[in-house]
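*Asks:*
There are 2 protein chains.
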Amino acid sequence: MTATPATAAVLVIGDEVLSGRTRDTNSGHIAARLTEIGVDLKEVRVVADDEAAIVEALNALRARYAYVLTTGGIGPTHDDITADSVAKAFGVGIDHDPRAVAMLRERFADPADLNEGRLRMARIPFGADLIANPVSKAPGFRLENVFVMAGVPSIMAAMLDEITPLLAHGAPIRSETIRADAKEGDIATPLAAVQKAHPGVAIGSYPYMDAEGFNTNVVVRSRDADALAAAAADVRAMLAALR
Amino acid sequence: MTATPATAAVLVIGDEVLSGRTRDTNSGHIAARLTEIGVDLKEVRVVADDEAAIVEALNALRARYAYVLTTGGIGPTHDDITADSVAKAFGVGIDHDPRAVAMLRERFADPADLNEGRLRMARIPFGADLIANPVSKAPGFRLENVFVMAGVPSIMAAMLDEITPLLAHGAPIRSETIRADAKEGDIATPLAAVQKAHPGVAIGSYPYMDAEGFNTNVVVRSRDADALAAAAADVRAMLAALR
Numbered sequence: 005m006t007a008t009p010a011t012a013a014v015l016v017i018g019d020e021v022l023s024g025r026t027r028d029t030n031s032g033h034i035a036a037r038l039t040e041i042g043v044d045l046k047e048v049r050v051v052a053d054d055e056a057a058i059v060e061a062l063n064a065l066r067a068r069y070a071y072v073l074t075t076g077g078i079g080p081t082h083d084d085i086t087a088d089s090v091a092k093a094f095g096v097g098i099d100h101d102p103r104a105v106a107m108l109r110e111r112f113a114d115p116a117d118l119n120e121g122r123l124r125m126a127r128i129p130f131g132a133d134l135i136a137n138p139v140s141k142a143p144g145f146r147l148e149n150v151f152v153m154a155g156v157p158s159i160m161a162a163m164l165d166e167i168t169p170l171l172a173h174g175a176p177i178r179s180e181t182i183r184a185d186a187k188e189g190d191i192a193t194p195l196a197a198v199q200k201a202h203p204g205v206a207i208g209s210y211p212y213m214d215a216e217g218f219n220t221n222v223v224v225r226s227r228d229a230d231a232l233a234a235a236a237a238d239v240r241a242m243l244a245a246l247r
Numbered sequence: 005m006t007a008t009p010a011t012a013a014v015l016v017i018g019d020e021v022l023s024g025r026t027r028d029t030n031s032g033h034i035a036a037r038l039t040e041i042g043v044d045l046k047e048v049r050v051v052a053d054d055e056a057a058i059v060e061a062l063n064a065l066r067a068r069y070a071y072v073l074t075t076g077g078i079g080p081t082h083d084d085i086t087a088d089s090v091a092k093a094f095g096v097g098i099d100h101d102p103r104a105v106a107m108l109r110e111r112f113a114d115p116a117d118l119n120e121g122r123l124r125m126a127r128i129p130f131g132a133d134l135i136a137n138p139v140s141k142a143p144g145f146r147l148e149n150v151f152v153m154a155g156v157p158s159i160m161a162a163m164l165d166e167i168t169p170l171l172a173h174g175a176p177i178r179s180e181t182i183r184a185d186a187k188e189g190d191i192a193t194p195l196a197a198v199q200k201a202h203p204g205v206a207i208g209s210y211p212y213m214d215a216e217g218f219n220t221n222v223v224v225r226s227r228d229a230d231a232l233a234a235a236a237a238d239v240r241a242m243l244a245a246l247r
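Chains as they are written, first to last, in the working numbering: chain A, 5 to 247; chain B, 5 to 247.
1. Which chain B residues are close to A:Asp88, counting only those with a beta carbon under 8 Å from its beta carbon?
2. Does the beta-carbon distance from B:Ala231 to B:Gly189 come in below 7 Å?
3. When the distance is taken between beta carbons, is B:Gly217 closer than 7 Å to A:Thr39?
4. DSSP on B:His33, reduced to helix/strand/coil?
5. Beta-carbon separation of B:Val198 and B:Met153 under 7 Å?
6. What number of angstroms, rounded off, separates the C-alpha of A:Asn30 from the C-alpha of A:Val14?
7. Please check the pair A:Ile159 and A:Val222, which I expect to be a contact at CB under 8 Å, by giving their CB distance rounded to whole angstroms.
8. Look at the alpha carbon of B:Ala192 and the alpha carbon of A:Val50, and state the distance between them as a whole number of angstroms.
9. Using the three-state DSSP reduction, which class does B:Lys141 fall into: helix, strand or coil?
10. So, is the C-beta of A:Gly208 closer than 7 Å to a C-beta in chain E?
11. Can you tell me whether A:Asp44 is buried or exposed? The criterion is at least 16 other CB atoms within 10 Å of its CB, across all chains shown.
12. Using the three-state DSSP reduction, which class does A:Lys187 fall into: helix, strand or coil?
13. Would you list, in chain order, the members of the region 50 to 83 of chain A that have their beta-carbon closer than 7 Å to a beta-carbon of chain B?
14. When you check each C-beta in the region 147 to 161 of chain A against every C-beta of chain B, which residues fall closer than 8 Å?
15. For B:Ile135, return the contacting residues in chain A, with the cut-off set at a CB-CB distance below 9 Å.
16. Determine the burial state of A:Ala229: buried for a count of at least 16 other Cβ atoms within 10 Å of its Cβ, exposed for fewer.
17. To which residues does DSSP link B:Leu147 through a beta bridge?
18. In the DSSP output, which residue or residues are listed as bridge partners for B:Leu212?
19. Show which residues of chain B have a CB atom less than 8 Å away from the CB atom of A:Thr26.
20. Along chain B, which residues have their Cβ under 9 Å away from the Cβ of A:Asn119?
21. Of all Cβ atoms in chain B, is any one closer than 7 Å to the Cβ of A:Ala93?
22. Comparing alpha-carbon positions, which option in A:Tyr69, A:Pro138, A:Val90 lies nearest A:Val59?
23. For B:Leu73, which residues from the same chain have a beta carbon less than 7 Å from its beta carbon, with the 5 sequence-adjacent residues on both sides left out?
24. In chain order, what residues of the same chain lie with their CB nearer than 7 Å to the CB of A:Ala132, ignoring the 5 residues before and after it?
25. Going along the chain, which residues of its own chain have a beta-carbon closer than 7 Å to the beta-carbon of B:Asp185, five neighbours each way excluded?
26. Identify the contact partners of A:Gly47 in chain B, using a Cβ-Cβ distance below 7 Å as the criterion.
27. Along chain B, which residues have their Cβ under 8 Å away from the Cβ of A:Glu20?
28. Please name the residue in B:Leu22, B:Val16, B:Glu20 whose C-alpha comes closest to that of B:Gly32.
29. How long is the line joining the alpha carbons of B:Pro129 and A:Gly95, rounded to whole angstroms?
30. Find the nearest neighbour of B:Asp53 within the set A:Glu47, A:Phe112, A:Lys92, judged by alpha-carbon distance.
31. With burial defined as no fewer than 16 other Cβ atoms inside 10 Å of the residue's Cβ, what is the status of B:Thr86: buried or exposed?
32. If the cut is a Cβ gap below 7 Å, which residues of chain B does A:Met163 touch?
33. Go ahead and pull the three-state DSSP assignment for B:Thr4.
34. Chain B beta carbons: is any one of them nearer than 7 Å to that of A:Met5?
35. Check the Cβ of B:Thr39 against every Cβ in chain A and list those closer than 9 Å, keeping chain order.
36. Could you compute how far the alpha carbon of A:Leu171 sits from the alpha carbon of A:Arg66?
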């Protein structure tokens, strides 16, 4: 008997993603990590740098899922409003945090460099724990079940490494990918029968095109290695029978 | 006086994105297109192949935005439940659509090839218009303000081309990207002043790292070409004064 796995959502904050100017790679990186440690990522949302939108999404997601991981909007410029929006969502105050100021001083030893803009990055909601930023020092933070991380992918990745030990580790979700060498429509009916015979396993079918034409990857997923192996064997037998 | 621009949301449907196995490129492609035609993309959500999750997200988004564009889950296999979920969200019936069956017959002339799985792709909610699929024939569909498209990127792109003329075309959102050759923290304070002087223009600051170290792109966005030019000139003058 395993405990119910923890659930999570990712909230990506940034006009640049919604304008199509920047492609979000952070949510895919987080998704892969959560799968490795057995946390169920249930939802990703992308919202603009807009206080009302951030507050509403954050409050919806943090009430529903065990963890919410945010990326973006914690830099030094006027359009970085994530920290203030998180404080508002939680109904707590926010101010320059002495621990965060100290971290910035490590990087900006000359007081002239630690200007008003950079000091904005030390604004942390009251009651939050800091998330270390080994790349550029300006920290992220955690408030209850919400983890607030940077948007620059290399910094986000470093912060994700910092918080990974803090998340509940469930049985990892194992998966096996089987290339069908068949069109999806030719395997749909027998594949549905395999799925029906293995209700505890999730079987997904992912069509793709390459130079050879249409093909399909069948992905079998489960936390139970034996159940996974049994279902994968049945998928392979089904495919062999079609040839 | 321009009309208020139309708003939109993208709903990406698929376990494979949430598991991190597949990186979603469709939402970025749609975002860029909507920006080109002057539609404001306000939100992107990614949910699992789960009927309750799809229905809830779809009903929330279609009530709030002028358009909802979905991708994924309209293939032939058991895990493709988008069409049925859309019908449920709208409270309408769903069945094999003769127009959709005719489209599939174009591709699968031999009745043996038009099997039960492939016929699933002709299940269309009552009252929907079809969206042609020039790549592999199985259509998407439109029901009121919801456009349901495939998840395979090449097919999604073709369907997006089909529906683009049906969307309201606003003044395109113009943008100009100015490389600061400065760290974000060194320009934050004067950049905020430029933003304050140009309230009708959105100025975003996007830090990045390359082999030279930290740098920043400043992106000025507006539907008004003159306002954009004036703000961009002020950003350039501000940056020049810092050197």
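Glycine included, each C-beta is placed from N, C-alpha and C at the ideal position.
*Replies:* A quick look at the data gives this:
1. The contacting residues do not exist; A:Asp88 stays about 14 Å from chain B at best.
2. no
3. Contact flag unset, no.
4. Three-state DSSP puts B:His33 in a helix.
5. no
6. 9 Å
7. That pair is no contact at about 37 Å.
8. When rounded, the distance between both Cα atoms is 24 Å.
9. The three-state secondary structure of B:Lys141, taken from DSSP, is coil.
10. The displayed structure is made up of protein chains A and B, and chain E is not among them.
11. buried
12. coil
13. Val50, Val51, Ala52, Gly79, Pro80, Thr81, His82, Asp83
14. Val156, Ser158
15. At a C-beta separation below 9 Å, B:Ile135 has no neighbours in chain A, since its nearest C-beta there lies roughly 18 Å away.
16. exposed
17. Looking at the DSSP output, B:Leu147 sits in a beta bridge with B:Val150.
18. Checking the sequence shown, residue 212 of chain B turns out to be Tyr, not Leu. DSSP lists B:Asn219 as partners of B:Tyr212.
19. Tyr210
20. Gly189, Asp190, Ala192, Thr193
21. no
22. A:Val90
23. Ala12, Val14, Ile34, Phe151, Met153
24. Phe145, Arg146, Leu147
25. Excluding positions up to five away in sequence, the list reads Asn219.
26. What sits at residue 47 of chain A in the sequence shown is Glu, not Gly. Near A:Glu47 (Cβ distances below 7 Å), the residues of chain B are Arg49, Val50, Val51.
27. Gly208, Tyr210, Val223
28. B:Val16
29. Each residue's alpha carbon lies about 43 Å from the other.
30. For the residues A:Glu47, A:Phe112, A:Lys92, the minimum Cα distance to B:Asp53 belongs to A:Glu47.
31. buried
32. Within chain B, no residue comes near A:Met163; the closest Cβ sits about 15 Å away, beyond 7 Å.
33. Any property of residue 4 of chain B remains undetermined from this structure, which presents chain B solely from 5 to 247.
34. Annotation note: pLDDT 38 at A:Met5 (below 50); position unreliable, coordinate value reported separately. Chain B contact via Cβ: absent.
35. Leu22, Ser23, Gly24, Arg25
36. 15 Å
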